[in-house]
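Below is one structure; the comments refer to it alone.
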Amino acid sequence: MPIPVPPAADRSPAPDFDALAGPYRWLEYLSFGPLLQRSRTEFLPQLTSCQSALVLGDGDGRFTAALLRCNRVVRVHAVDASPAMLRALTQQALPDQSRLSVEQADIRHWSPHPGKNFDVIATHFFLDCLTTAEIRDLAARISPWTSAGAAWVFSDFSVPPTIYGRIIAAPLVALLYRAFRLLTHLRPQALPDHAAVLRAAGWTLANQHSRLGGLLVSQLWRRTPCIPAAPESVS
Numbered sequence: 015m016p017i018p019v020p021p022a023a024d025r026s027p028a029p030d031f032d033a034l035a036g037p038y039r040w041l042e043y044l045s046f047g048p049l050l051q052r053s054r055t056e057f058l059p060q061l062t063s064c065q066s067a068l069v070l071g072d073g074d075g076r077f078t079a080a081l082l083r084c085n086r087v088v089r090v091h092a093v094d095a096s097p098a099m100l101r102a103l104t105q106q107a108l109p110d111q112s113r114l115s116v117e118q119a120d121i122r123h124w125s126p127h128p129g130k131n132f133d134v135i136a137t138h139f140f141l142d143c144l145t146t147a148e149i150r151d152l153a154a155r156i157s158p159w160t161s162a163g164a165a166w167v168f169s170d171f172s173v174p175p176t177i178y179g180r181i182i183a184a185p186l187v188a189l190l191y192r193a194f195r196l197l198t199h200l201r202p203q204a205l206p207d208h209a210a211v212l213r214a215a216g217w218t219l220a221n222q223h224s225r226l227g228g229l230l231v232s233q234l235w236r237r238t239p240c241i242p243a244a245p246e247s248v249s
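Position 129 of the sequence shown, counting from 1, maps to 143 under the numbering used here, and the rest follow consecutively.
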């Protein structure tokens, strides 16, 4: 049975990314060149043996397409609130559509369907659209549908605790939030603490790579296997 979704105090509409579906790739290249895509695909070599992936908020689908190309057996379920982005994602994965299913849903209030079991979760440049509390709810809903040792691959912007972070990264991240708030009505205004949430949900950081002085971060998390408690001795 799916885990019940706790009542949410905030049932506001999801940000509307439909208008960005067409120019998304070109806006990305104009601002960061190929670095965002390199961040998304940083840990693809570690995913060649996975069989079932849950991809959340993949935008126009370039990570999904790359995963389907490098792994010829994986089946991907992609979830996004934007129908235009899902159409772009489906087009990107055209040669491998038989192994792709898509679902339009507000991920803040979405749970996997019964019978699903994923060995990969992917959230690339998506968790920054959520608050820390929303990520906590999301991790609680989807972690039980993953196998022990499953991978959670993540990439996003970050503000390193350095002079560069204060002078360059923090103002740039704030500018990006303002731009997306104007274009999509995005509500969060600061980067969430995803790392603390994932650790609390039973995930362990296994690998990490950064770019642009720490502004872009790629991470590979592993679900920590549950170790049963030793039985009490009976005297």
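A virtual CB, placed ideally from N, CA and C, is assigned to each residue, including glycine.
If you check the beta carbons only, do Leu-103 and Leu-81 fall under 8 Å apart? Counting from one through the sequence shown, the residue named residue 103 turns up at place 89. Counting from one through the sequence shown, the residue named residue 81 turns up at place 67. Taking 8 Å as the Cβ cut-off, Leu-103 and Leu-81 do not qualify as a contacting pair.
Name the two residues that bound the continuous beta strand (DSSP E) containing Arg-150. Walking along the sequence shown from the start, residue 150 turns up at place 136. Counting along the chain, Arg-150 falls outside any beta strand (DSSP E), though it belongs to the alpha helix (DSSP H) covering 146-156.
Taking the alpha carbon of Ile-177 as the point to measure from, which residue in Gly-227, Leu-196 and Ala-204 has its own alpha carbon closest? In the sequence shown, counting from the first residue as 1, residue 177 sits at position 163. Closest by alpha carbon: Gly-227.
Would Gly-75 and Ala-107 qualify as a contact pair, given that the criterion is a beta-carbon distance under 8 Å? For the purposes of this step, residue 75 is taken as residue 61 along the sequence shown, with counting starting at 1. For the purposes of this step, residue 107 is taken as residue 93 along the sequence shown, with counting starting at 1. For Gly-75 and Ala-107, yes; Cβs fall inside 8 Å.
Is it true that the CB of Phe-132 sits closer than 8 Å to the CB of Ala-92? If you number the sequence shown from 1, residue 92 lands on position 78. If you number the sequence shown from 1, residue 132 lands on position 118. The Cβ atoms of Ala-92 and Phe-132 lie no closer than 8 Å to each other.
Contact belief for Thr-200 with Cys-143 at Cβ below 8 Å, rounded distance in angstroms: Numbered from 1 along the sequence shown, position 186 holds the residue referred to as residue 200. Numbered from 1 along the sequence shown, position 129 holds the residue referred to as residue 143. Note on residue identity: the sequence assigns Leu, not Thr, to residue 200. Their Cβ separation, rounded to whole angstroms, is 6 Å, which keeps Leu-200 and Cys-143 in contact under 8 Å.
Are the beta-carbon atoms of Leu-205 and Val-231 separated by less than 8 Å? Translated into positions along the sequence shown, residue 205 becomes position 191. Translated into positions along the sequence shown, residue 231 becomes position 217. Not a contact, by the Cβ cut-off of 8 Å.
Identify, in the order they occur along the chain, each residue of the same chain with its Cβ nearer than 6 Å to the Cβ of Asn-221, setting aside the five sequence neighbours on each side. Taking the first residue of the sequence shown as 1, we reach residue 221 at position 207. Leu-234, listed in sequence order.
Where the beta strand (DSSP E) through Val-87 begins and ends: Translated into positions along the sequence shown, residue 87 becomes position 73. Looking at the DSSP string, Val-87 is not in any beta strand (DSSP E), and its letter there is neither H nor E.
Strand pairing of Thr-218, partner residues [DSSP]: Taking the first residue of the sequence shown as 1, we reach residue 218 at position 204. According to DSSP, Thr-218 bridges with Arg-236.
Among Gly-129, His-123, Ser-96 and Pro-126, nearest to Leu-34 - alpha-carbon criterion: Residue numbering aside, residue 34 sits at position 20 when the sequence shown is read from its first letter. Comparing Cα positions, the closest option is Ser-96.
Using DSSP's beta-bridge definition, name the partner residues of Glu-42. Numbered from its first residue, the sequence shown carries residue 42 at position 28. Paired residues: none, contrary to the question.
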